[in-house]
Amino acid sequence: MTQETGGGAEGGPGQAEAALMDLVRDATVRIHRPGAGYATDGPGQGFLGSGFFIAPSWVLTCAHVAMRGEGREVNVLFRADPYSAELTEVPGVVLAALPETRPAGVTGWPAPDLALIQLRRPVEHTCVYVTERSEAMLRGRKVRCVGWAPSPGGGLTTLSGDCEVKGTYGGWADADQQIRLDGDWLEPGMSGGPVVDVARGEVVGVIKSRLDDHQGGTAVGIERLRSLTVPAGPVETESDDTYQAVFHAHDRYHADRHNSPASTERTWADVQSDLPGPPGRVLSPKRRIDLLGRLAEFPPPVSTRNLLALLDGLPNVHARDLRPAPRGWRDGLGSLYDARVRDRDAALELVLRYCMGVLAADRPFDVPSTRTATKSLWEWVKRVADEDLSRDFRQELVLHWRAVRQRRDQEHQRAPAPMDEPARYGERAFVLLELEPRGWERDLYDWRIGVARPTGEVLPVAEDSQGTGLGALPERLAAPLAEAFRRCDEPDSPAVLQVAVVPALLGLDVDNWQVTPDGLPLGVVRPVVVRRTDQGPPTDELDRLRRTRWNSIRNAVMRAEVIDCEDGMAVRVPEVTDLHALAHETVPVLCRYGDRPGPETTAGLVRVLEGGFGVALWRRTGETDAVCTEFHRRAVDTVAEVRTSDRLPQKIHELRQGVRAGRTEMYWSDGIALFYDDPHYSLPGSGQLLEAP
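With the numbering used here, you'll find the sequence shown wraps up at 693, consecutive numbering, no jumps.
Structure (structure tokens):
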């Protein structure tokens, strides 16, 4: 057994293998009981076992570890910074377990003994790479087990040990099959940790148990997660099926990081490429993760039955022999690796035929980005075929693609137009909060609160010109805001709060203010948007442009466009003349605004406003070097799905509620701000909002 110390890939069994173990260790977590009042370093102080990040905001561990928490609640501890010994602690909840309960009278938790923990708040972390192959542990033989355990010097530390697969308890078709391991000692606390195929550089299983007074133990293969409960009803979003949500997020995570030119860290695909690897593999690690990322952009298969039917149509593929059966696109790809083919070209043709099957397959739902995903996958198929395969096969692919494209176009034409629900926030009153900085007194603000009617009239509620500190505003404004909300709110339909500030304050997180007795942030309770105060009368040309843009996004489908980030790298916001050239239905998105915008960032936002845009989005969170592809992807889809601008405040409100509720599919929107400035309803001029009695 080896104590893990980290510190890079120097020495040891080889730089690539050491780098691999660094990646594994960084994603291996400790699981504790929730609550305060104990020292988390002690083996008896709430420590339950190990786990690992399988996807953003998802931890995989053993059910017997996670279900020992209180009411399925646990705390997850991990190193957010691989170069620091400091741990980050985040609450989590067990969202799924296999099996869900331990039968009465049974000692220990029956296999597969797996659990998925969902983090309760968004946080940056690394993830392991998980195999897409079936029964991968039985093929690798040599594996390395990693987990947290008591340290001889006290406290807890990560340990690793080499083991050899010796067989199984139970048959391949048994739901409770376990893999027998022999080799190093597995210490108490390592249960739930990852089992790594070092030759391939991928996690293939989960440590289940150790043998008392003997070396080795048991593990469960990753493929056992396929037996997670299938949703009984229709799958209308990716998050409706936990299995698909986790593995789509896993594959997008790795593809985004590998393909990002902004990242300087070694990715799993980089390290896998440096390992010896198995002979004769068809897809290089880098090509494989690129493909898996593209497949993860699609809606999942309609059903396992449909996926098996696709695989049945491919030569020499016997996916029906696998247990559990393939369930996602990545599983189908993994099943191709076992096909007996004549040579490498035939194996590559098989992969491309499978991709064409994905393009043509029925879908449980569509999102706006599915069309982009379709084009992206076809471009990958064509590029690989052009580089490596015969002209005859390439011609066959082109004809197949033409048929697929024609069918999709016909389906799109036949699809009924989405039924627009009545806008909840259109022609109705809203609450207006104006903040004005006192130029001669830094960090002090005058404020006014009023109720704005659809007629444009603003009825005063309260104001203060004595100057209030920024930190004191939430408490000072709680009572007058509550009064204003009472005058506007309707049952199940809280009024919008519009916050009018100067450009330098447009990033102010008023949506996070807690001004109600229940302590909920304002943005969770109601829609909160921002607009600009210091605008003089616009020129006739700018006024026409603003009104034209606003009318376009009210009556036509909006289209989001990220304007300050290109392929994950920060770029300068275009000049005003270039912004004027963007389509009228464009909604600018700023990815790099951050929580402390500097002068250049603020100037870029001002250029956006001078471009005549009445609606814009930006995020106030995110590290400057963080991979942001998921934010781009989701922002574009969200804007397209709501279609028109009058529904966007409600959508942002729902996203904020989702982040608060711990819905991982909405974590991408953490810290998002919505600029919403209707040119038809100008802010009151000086003196128009009278002093309240």
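In this text, a Cβ means the ideal position worked out from N, Cα and C, and glycines have one as well.
Following the DSSP letters along the chain, one finds Val529 inside the beta strand (DSSP E) bounded by residues Val528 to Arg532.
Residue pairing from DSSP leaves Phe613 without any beta-bridge partner.
Proximity of the region 551-568 to the region 577-587 meets the contact definition, three or more beta-carbon pairs being nearer than 8 Å.
In the structure shown, Asp241 falls within a coil segment according to DSSP collapsed to helix, strand and coil. Residue state for His214 is assigned as coil, using DSSP reduced to three classes.
Under the DSSP definition of a beta bridge, Cys145 partners with Gly161 and Val195. Arg252 and Ala296 do touch by the CB rule: their CB atoms are close to 5 Å apart, below 8 Å. Counted as a single uninterrupted DSSP element, the alpha helix (DSSP H) harbouring Gly332 occupies residues Trp329 to Leu336. Exclusion of the five residues before and after Gly167 leaves Arg180 as the residues of its chain whose Cβ lies within less than 7 Å of its Cβ.
About 6 Å separates the beta carbon of Val501 from that of Val530, a gap short enough to meet the 8 Å contact definition. Between Pro679 and Gly614, the C-beta gap is smaller than 8 Å, which places the two residues in contact.
For secondary structure counted as the beta strand (DSSP E) over 3 or more consecutive residues, the region 247-327 holds no complete run. Along the length of the region 495-541, whole beta strand (DSSP E) runs at least 3 residues long occupy 497-501 and 528-532, reported in chain order. By the CB criterion at 8 Å, Val165 and Met137 fall inside the cutoff. If you check the CB distance, Pro91 and Val146 do not come in under 8 Å. Non-local C-beta neighbours of Leu542 in its own chain, meaning closer than 8 Å and more than five positions away in sequence, comprise Glu610 and Gly612, ordered along the chain. Taking all protein chains shown into account, Gln45 has fewer than 16 neighbouring C-beta atoms within 10 Å of its C-beta and is therefore exposed.
Counting only the Cα atoms, Glu575 lies some 48 Å from Arg327.
If the five residues before and after Leu579 are omitted, its C-beta is found closer than 6 Å to the C-beta atoms of Gly611, all from its own chain and listed in chain order. The C-alpha of Val341 lies about 6 Å from the C-alpha of Ala347. Here DSSP, grouped into helix, strand and coil, assigns Glu585 to coil. Pairing Val573 with Gly536 gives a Cβ-Cβ distance that is not under 8 Å. Under DSSP, Gln118 forms a beta bridge with Trp58 and Val93. If you compare the alpha carbons of His248, Glu441 and Val198 with that of Val271, the shortest gap goes to Val198. For Thr629, the enclosing alpha helix (DSSP H) stretches over residues Thr629 to Val642.
Cβ atoms of Leu352 and Val384 come within 8 Å of each other, at about 6 Å.
In this structure, DSSP gives Ser50 an extended state, which the three-state scheme calls strand. The DSSP-derived three-state label of Trp380 is helix. About 7 Å separates the CB atoms of Cys62 and Leu114; that is less than 8 Å, so the two are in contact. DSSP places Phe675 inside the beta strand (DSSP E), whose first and last residues are Ile672 to Tyr676. Cβ neighbours of Asp162 within its own chain (closer than 6 Å, five residues either side excluded): Arg144, Gly183 and Asp184. In the assembly as shown, Thr237 is an exposed residue. Its beta-carbon has fewer than 16 other beta-carbons within 10 Å. Segment contact: the region 642-657 against the region 270-290, fewer than three CB-CB distances shorter than 8 Å; contact not assigned. 8 Å or more divides the Cβ of Tyr243 from the Cβ of Arg224.
Here DSSP, grouped into helix, strand and coil, assigns Leu435 to strand.
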